[in-house]
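Q: Numbering (UniProt numbering), first residue to last: 245 to 606. The C-beta atom is built at its ideal place from N, Cα and C for all residues, glycine as well. Just so you know, these numbers come straight off a predicted model, no measurement behind them.
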Amino acid sequence: KDTGKGPYPYYMLKEVNEQPNIMRKLTTLYLDAKGKPKIDHKLLDKMNQADRLYIIGAGTSYHAGLVGKNLFEKLVHIPTEVHVSSEFAYADPILSKHPFFIFLTQSGETADSRVVLTNVNKMHYPSLTITNVDHSTLSREADYTLLLHAGPEVSVASTKAYTSQIAVEAVLAKALGEVKGRQIAVDFNLRHQLSLVATGMQSVIDQHAKINQMAKKYFVKSYNAFYLGRGTDFYVALEAALKLKEISYIQAEGFASGELKHGPIALIQKNTPVVGIITQKKTAALSRSNLEETASRGAKTFTIVRRALAKPGDSFILPDVDEMLTPLLSVIPAQLLAYYTSLNKGLNVDQPRNLAKSVTVE
Ligand code: G6P
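#1: Mind checking who residue 286 pairs with in its DSSP beta bridge?
#2: By Cβ distance, which residues of its chain are closer than 6 Å to residue 348, with the 5 residues on each side in sequence left out?
#3: Taking 7 Å as the line, does the beta carbon of residue 360 fall inside it for any heavy atom of the ligand G6P?
#4: So, with DSSP's three-state summary, where would you put residue 245?
#5: Return yes when at least one heavy atom of the ligand G6P lies under 7 Å from the C-beta of residue 330, else no.
#6: With a CB to CB cut of under 7 Å and the five nearest residues on each side skipped, what residues in its chain are close to residue 245?
#7: Put residue 389 into one of helix, strand or coil per three-state DSSP.
#8: Is it a yes or a no for the region 539 to 546 touching the region 428 to 437, going by three-plus beta-carbon pairs under 8 Å?
#9: Counting beta carbon pairs with one atom in the region 261 to 271 and one in the region 439 to 448, are three or more of them shorter than 8 Å?
#10: Might you give, ordered along the chain, the residues of its own chain that have their beta carbon closer than 7 Å to the beta carbon of residue 404, omitting 5 neighbours on each side?
#11: Taking the straight line between their C-alpha atoms, what separation do you get for residue 559 and residue 324?
#12: Compute the beta-carbon to beta-carbon distance between residue 538 and residue 509, rounded to the nearest angstrom, for a pair I have assumed lies under 8 Å.
#13: Measure the C-alpha to C-alpha separation of residue 563 and residue 463 and round it to an integer number of angstroms.
#14: Going by the beta-carbon positions, is the gap between residue 531 and residue 477 smaller than 8 Å?
#15: Tell me whether residue 339, by its Cβ, gets closer than 7 Å to a heavy atom of the ligand G6P.
#16: Pick out whichever of 457, 525, 436 and 459 has its Cα sitting closest to the Cα of residue 272.
#17: Using a Cβ-based criterion (distance less than 7 Å to any ligand heavy atom), does residue 303 qualify as near the ligand G6P?
#18: Less than 8 Å between the C-beta atoms of residue 344 and residue 286, yes or no?
#19: Does any residue of chain B bring its CB to less than 8 Å from the CB of residue 509?
#20: Suppose you measure from the CA of residue 500 to the CA of residue 388; what does that come to, to the nearest Å?
#21: Residue 342 and residue 293 look like a contact to me (Cβ under 8 Å); what is the Cβ gap, rounded to whole Å?
#22: Out of 524, 277 and 482, state which residue places its alpha-carbon closest to the alpha-carbon of residue 579.
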C-alpha cells in the first residue's frame with residue numbers, strides 16, 4: 245500500500261509531516277472519549293502478573309524502547325529493562341521470576357528481534373509485539389499485538405514509527421498503571437497531552453525553513469557532530485545522532501551529558517557542532533553547564549529546549565508538554581536537521597548507502 249510521495253521530494257519528509265495526524269489517529273483508536281485506554285483486558289491481566297518488563301528492539305525501535313522504560317517505570321512502577329535484540333539474544337540473561345516481553349519493531353520482520361522471541365516462546369514467557377505491520381512475523385509469533393497505525397514507512401530512516409511507538413507505549417503504561425490503581429496513571433491526561441503533542445509537532449514542522457538554515461550552519465560542512473542530554477533527553481540524543489549519521493554520513497554520536505567529562509569531551513575541537521537537548525526540569529541546569537563546557541573548548545553549540553525551561557539565547561524552543569512525552573517533540577527538529585543536512589549534501593535521503601529498511605538476517 246505505497247501511497248506515493250505526493251508533493252514531497254522524499255518519503256522521509258512526507259513521513260515526518262504525517263506525525264501530527266498519526267498522534268491524533270492513535271488518540272481516537274487507543275483512548276475513549278473520557279481518555280480511558282482501549283487495551284485488551286487479557287493483555288493487561290497478563291502484564292499485571294509480571295514482575296518485570298523486558299523491551300526488545302533494534303535501531304530506532306530500541307531507542308523508542310528506552311523512552312518507554314521511563315513511561316512504564318513512572319506510570320506503572322514496574323522495573324523495566326530495555327535491550328538491543330542482537331545483544332540480548334546471546335547474553336544468557338538472568339531473568340526475573342515473571343518476565344513479560346515487549347517487542348518493538350516497525351516492520352515486524354527484524355531477524356535479531358525474532359531470535360529473542362523464538363527463545364521467549366520456547367520458555368513459554370508471555371509476549372507482546374508493537375508493530376506497524378499487521379500479520380508480520382513478530383506479530384504472528386507473539387501472544388499479543390498492538391499496531392502503530394502509522395501507515396507504510398518507506399524511508400529507510402525511521403521517523404513516524406518512533407513517535408507512534410512512544411505514543412502506544414504511553415497508552416499501555418497508562419492502562420497498566422490504572423489496572424494497578426496508580427493515581428499518577430489515572431491523573432495522566434494522555435488524551436489532552438497527545439493533542440498538545442500533535443499541535444506542538446505541527447508548530448515545529450512549520451519552522452522547517454529555520455531548521456534548514458540550522459542544518460546548513462551547523463552540520464552540512466561538519467565531519468562530526470554530537471547530541472547531549474540526560475535521562476530521557478539522552479535517549480532522544482541517541483536517536484537524533486542515529487538519524488544524522490544514517491542519512492548524512494556525518495559521524496554523529498549521542499552522549500549522556502554527565503559522561504562528557506569522562507571521555508567524549510576530548511573529541512571537541514574548534515567548531516565541532518554540539519546540540520544540547522533540554523526538556524527535564526530536574527537536570528536542565530546540569531545539562532546546560534555540561535554544554536557550556538564544550539562551548540568553552542571551541543564547540544559550536546545550540547540548544548533544543550522546552551519552553552518552560554527556555555533562557556535568552558536558546559536556539560530552538562519546543563512547545564510545552566508533560567515531561568514524560570517530550571521525546572515526541574524534541575525528536576522532530578532532530579529528524580528535520582538530519583533530513584536537511586542530507587538534502588543539502590545532495591544525498592539520497594530515502595535510500596542511504598549500506599542500509600536496508602528491514603534487516604532479515606542476523
Ligand atoms: C533497520 C532500519 C532501522 C530500524 C531497524 C529496526 O536497521 O534501517 O531504521 O530502526 O532496522 O527495524 P524494525 O522494523 O525492527 O523496527
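A: Put simply:
#1: Bridge partners of residue 286: none, in fact.
#2: Answer for residue 348: 301, 305, 308, 309, 374 and 409, listed in chain order.
#3: In this structure, residue 360 has its CB at a distance of at least 7 Å from all heavy atoms of the ligand G6P.
#4: Any reading at residue 245 is ruled out, since the residue's pLDDT is 49, under 50, leaving its predicted position unreliable.
#5: No, the beta carbon of residue 330 sits no closer than 7 Å to any heavy atom of the ligand G6P.
#6: Only weak support exists for where residue 245 lies, its pLDDT of 49 falling under 50; the value from the coordinates is given anyway. Result list for residue 245: 396, in chain order.
#7: Note: residue 389 maps to strand in three-state DSSP.
#8: Segments in contact, no.
#9: Contact holds: three or more Cβ-Cβ distances are below 8 Å.
#10: Taken in chain order, the residues that qualify are 259, 262, 263, 266, 394 and 397.
#11: So the alpha carbons of these two residues sit roughly 34 Å apart.
#12: Confirmed, about 7 Å.
#13: If you take the alpha carbons of residue 563 and residue 463, they lie about 24 Å apart.
#14: In this structure, residue 477 lies closer than 8 Å to residue 531 by Cβ.
#15: Remark: the shortest separation between the CB of residue 339 and any heavy atom of the ligand G6P does not fall under 7 Å.
#16: Minimum Cα-Cα distance from residue 272 among the listed residues 457, 525, 436 and 459 corresponds to 436.
#17: At least one heavy atom of the ligand G6P lies less than 7 Å from the C-beta of residue 303.
#18: It is not a contact, given that the beta carbons lie outside the stated cut-off.
#19: You won't find chain B in this structure, because it holds only one protein chain.
#20: So the two alpha carbons sit approximately 34 Å from each other.
#21: That pair is a contact at about 6 Å.
#22: The option with the nearest alpha carbon to residue 579 is 482.
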